[in-house]
DNA sequence: GAAATTCAGATTGTCAGACAATCTAATCAT
DNA sequence: ATGATTAGATTGTCTGACAATCTGAATTTC
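Protein chains in written order, with the working numbering: chain A, 1 to 227; chain U, 228 to 454.
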């Protein structure tokens, strides 16, 4: 162990091993895991130390524990993740620039797939338009943020690639503070931009949609620099 | 407490209160929190129960703990969350095709940034070449898989976007079985492909690198369909 | 007097042992 | 066969204890 490297805490090692156990066993949500006592014996540690790892995983929903029953595999609890990663933006370690660039890469990357999908499935166009209509009716910032997230989520979702949806949900947590800093006077600009993206995609003008989306997301750069 | 609602675990209540404490105090990263012993007394619970909450928050980076020093406010760890994104429902039933398409989208998406980076930073070219050289020396599948992952990781890493690195690592876990099904006779093809990607990027021929990378990753499609 | 070293006290990390609360499968009663 | 009861299993929480690490005060060295 390099002296400049912090020694891994027992619980971190255990969390990694539990992760591996679930992945390698190809376990599904609901599948039983060994009991706390068995796992503690297996890893050669005390039950309470084992719990420090399992409680961390349980907090994220990855593991579920029930008295009398034992441990089972869970599902990532995105509500919990959202709540705890987003409650105090001052604690975010990702830079705004990285966040914006990452979003750009993902969202522009799905555009060809979305346009292609729209040719076969009219509901994508309808859903995007419906959300944008809702945005036009919105009076509160909370609702606006919610719908803006929904719009971009629907866009990525139309790619048919669920992993990107999941990743987008994580990015949205960190991006929220930027959305919340959008002034009401700027909502109309954002809505018009959404509309141009929708229409360009519907007309299979992917390049145009790409440029519009870049301008749309990059506008956050400008707002940030103006502060 | 509603009988249809599960009773909140002590640790969940405590995590909420810690969150509130940080928020209401407008605490920043690095700020001191009360000690475990003091918090346990404040909340009227045992120190170990207190730790179950603090360890959950520590897992997310929200809290940091150091022996002799105490608890401090941390920084939200996006990489940790992304690392465990593999347990998200969306990734659970991921199809090989989705996995391949997702990888394609990410890895081709970073190519312009990588080429741009290579103009300023010779070490990217060197690192990619070094990995590919190591691949040429490899005799075991385990090592080959390891290095192939390292190559693609370095490629995405050169984008300068840590969140994408974290996501790529998650995808790599799922992709591992495909890499492991690559026959030894196909290694040379893969290595040559890597080399063409490296050289194209070095020469700022992004389009060519893009096409080569697509063919490289898409070759998994073909192997899958042949099985 | 300033800098380096030492050390006592504080704090987290981990453990053993214990009991309460909850669950489940086996057993008993109808 | 169905419903109720119960013993055993499992998690939730606690007390008490000691090891490892950190920090600031006291002491020593130059």
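Just so it is clear, CB atoms sit at the ideal spot from N, CA and C, and this is done for glycine as well.
Here the structure is a predicted model, which means the values were calculated and not measured.
Asked: Limits of the unbroken alpha helix (DSSP H) element including residue 404(U); Found: 389-407
Asked: Burial state of residue 346(U), where buried means 16 or more other Cβ atoms lie within 10 Å; Found: exposed
Asked: Boundaries of the beta strand (DSSP E) in which residue 382(U) is found, first to last residue; Found: First-last for residue 382(U): 368-384, but that is the alpha helix (DSSP H), not the beta strand (DSSP E).
Asked: Nearest to residue 206(A) (by Cα), restricted to the options 9(A), 90(A), 111(A), 44(A); Found: 111(A)
Asked: Beta-carbon proximity of residue 334(U) to residue 383(U), cut-off 8 Å; Found: yes
Asked: Interface partners of residue 11(A) on chain U, CB under 7 Å; Found: 282
Asked: Residue 388(U) versus residue 98(A): straight-line alpha-carbon distance, rounded; Found: 6 Å
Asked: Residue 441(U) burial status per 10 Å Cβ neighbour count (16 or more: buried); Found: exposed
Asked: Close-in-space but distant-in-sequence residues of the same chain around residue 220(A) (CB under 6 Å, 5 per side omitted); Found: 100, 178
Asked: Contact set for residue 385(U): own chain, Cβ-Cβ below 6 Å, skip 5 residues either direction; Found: 341, 344, 351
Asked: The beta strand (DSSP E) enclosing residue 293(U), as first and last residue numbers; Found: 290-293
Asked: Contact the stretch 59-67 of chain A vs the stretch 78-88 of chain A: 3+ CB pairs below 8 Å; Found: yes
Asked: Cβ-Cβ separation, residue 277(U) to residue 291(U) (assumed contact under 8 Å), whole Å; Found: Contact flag wrong, Cβ pair sits at about 15 Å.
Asked: Residues of its chain near residue 375(U), where Cβ-Cβ distance is below 6 Å and the 5 sequence neighbours each way are ignored; Found: 406
Asked: DSSP beta-bridge partners of residue 39(A); Found: Residue 39(A) pairs with nothing; no bridge assigned.
Asked: Coil, strand or helix - residue 303(U) by DSSP; Found: strand
Asked: Three-state secondary structure assigned by DSSP to residue 33(A); Found: coil
Asked: Residue ranges of each alpha helix (DSSP H) within the stretch 300-365 of chain U, 4 or longer; Found: 305-310, 316-319, 323-347, 349-364
Asked: Beta carbon proximity, residue 204(A) to chain U, threshold 8 Å; Found: no
Asked: is_contact[residue 209(A), chain U] using C-beta, thresh 8 Å; Found: no
Asked: Within chain A, partners of residue 279(U) - CB distance below 8 Å; Found: 51, 52, 55
Asked: Spatial distance of residue 437(U) from residue 424(U) (CA atoms); Found: 8 Å
Asked: Chain A contact residues for residue 389(U), given Cβ-Cβ distances below 8 Å; Found: 94, 98
Asked: Within 8 Å, strictly: CB atoms of residue 73(A) and residue 28(A); Found: yes
Asked: For residue 417(U), three-class secondary structure by DSSP; Found: helix
Asked: Under 7 Å by beta carbon: chain U residues contacting residue 249(A); Found: Since the first residue of chain A shown is 1 and the last is 227, residue 249(A) is not available in this structure.
Asked: Through-space distance from residue 408(U) to residue 420(U), alpha-carbon basis; Found: 18 Å
Asked: Beta-carbon gap between residue 14(A) and residue 43(A) smaller than 8 Å; Found: yes
Asked: Opposing strand residues paired with residue 298(U) [DSSP bridges]; Found: 292(U)
Asked: Proximity below 8 Å, CB of residue 191(A) to CB of residue 129(A); Found: no
Asked: CB-CB length for residue 250(U) against residue 87(A), believed under 8 Å; Found: 6 Å
Asked: Residue-chain proximity (residue 270(U), chain A), Cβ-Cβ < 8 Å; Found: no
Asked: Span of the alpha helix (DSSP H), counted from its first residue to its last, around residue 51(A); Found: 47-59
Asked: Distance between residue 316(U) and residue 135(A) (C-alpha atoms, nearest Å); Found: 28 Å
Asked: Straight-line gap, residue 84(A) to residue 41(A) (C-alpha atoms, nearest Å); Found: 32 Å
Asked: Contact check, residue 398(U) vs residue 330(U), beta carbons under 8 Å; Found: yes
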